[in-house]
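Just below is one structure, and these are the notes that go with it.
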Amino acid sequence: MANAERLMNRIVDLKFASKSLQCQARRCEKEEKSEKVKLKKAMEIGNMDGARICAENAIRKRSEQMSYLRLASRLDAVVARLDTQGKMQSVGKSMASIVKVLDSSLATGNLQKISETMDKFERQFVDMEVQAGFMESSMAGSTSLSTPRVRSPI
């Protein structure tokens with residue numbers, strides 16, 4: 727039980743870190759837009775050195791934003807894997823208890839109890855397959871969709 731609780735705490739911590747990184751990325755995006763406005767003003771008044779500095783700052787903020795988003799995406803993938811692991815552990819424990827009941831049912835020869843236990847086992851197995859399929863698809867989606875396309879910084 728302590729392992730499951732620690733795993734859940736780690737998952738929450740990682741989710742929080744991912745959200746924090748996404749917040750940092752949004753902040754960088756705002757700063758990039760601000761630098762672009764400054765760049766435009768500097769170009770309008772003919773200050774090319776100031777414009778160059780603003781352009782460099784905008785590019786740097788865009789790179790920083792992409793780095794934050796990539797790291798957040800990686801953390802989301804780790805969270806999904808840990809979540810899958812936690813669910814698989816609980817399903818494994820449930821299946822182990824079903825197997826024990828099935829063994830005792832086989833020993834007594836009670837066919838009705840054997841049938842009920844097998845039905846429960848099959849439901850657990852189907853649930854596990856559905857969860858595994860969902861987690862695989864969500865992990866594939868989170869790693870490919872979380873990182874946006876890189877656009878021109880200016």
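So for the sequence shown, the working numbering puts the first residue at 727; every next one is plus one. Just so you know, even glycine gets a beta-carbon here, dropped at the ideal spot from N, CA and C.
According to the neighbour-count rule (16 or more other Cβ atoms, all chains shown, within 10 Å of its Cβ), is residue i buried or exposed?
{"i": "Q791", "result": "buried"}
{"i": "C749", "result": "exposed"}
{"i": "R732", "result": "exposed"}
{"i": "A833", "result": "exposed"}
Using a beta-carbon distance below 8 Å, is residue i in contact with chain C?
{"i": "V827", "result": "Any reference to chain C falls outside this structure, which holds one protein chain only."}
CA-CA distance, residue i and residue j?
{"i": "V804", "j": "L765", "result": "39 Å"}
{"i": "M854", "j": "F860", "result": "10 Å"}
{"i": "R753", "j": "K759", "result": "10 Å"}
State the DSSP-derived secondary structure class of residue i, mapped to helix, strand or coil.
{"i": "N836", "result": "coil"}
{"i": "G859", "result": "helix"}
{"i": "I771", "result": "coil"}
With distances taken between CB atoms, is the gap from residue i to residue j smaller than 8 Å?
{"i": "Q815", "j": "A730", "result": "yes"}
{"i": "Q838", "j": "V817", "result": "no"}
{"i": "E761", "j": "K787", "result": "yes"}
Quick test of the definition: if touching needs 3 or more C-beta pairs under 8 Å, does the region 794-801 touch the region 761-771?
With the cut-off at 8 Å, the region 794-801 and the region 761-771 do not touch.
Check whether the region 815-829 touches the region 773-787, counting contact only when three or more Cβ pairs, one atom from each stretch, lie closer than 8 Å.
The region 773-787 and the region 815-829 do not touch, with fewer than three beta-carbon pairs separated by less than 8 Å.
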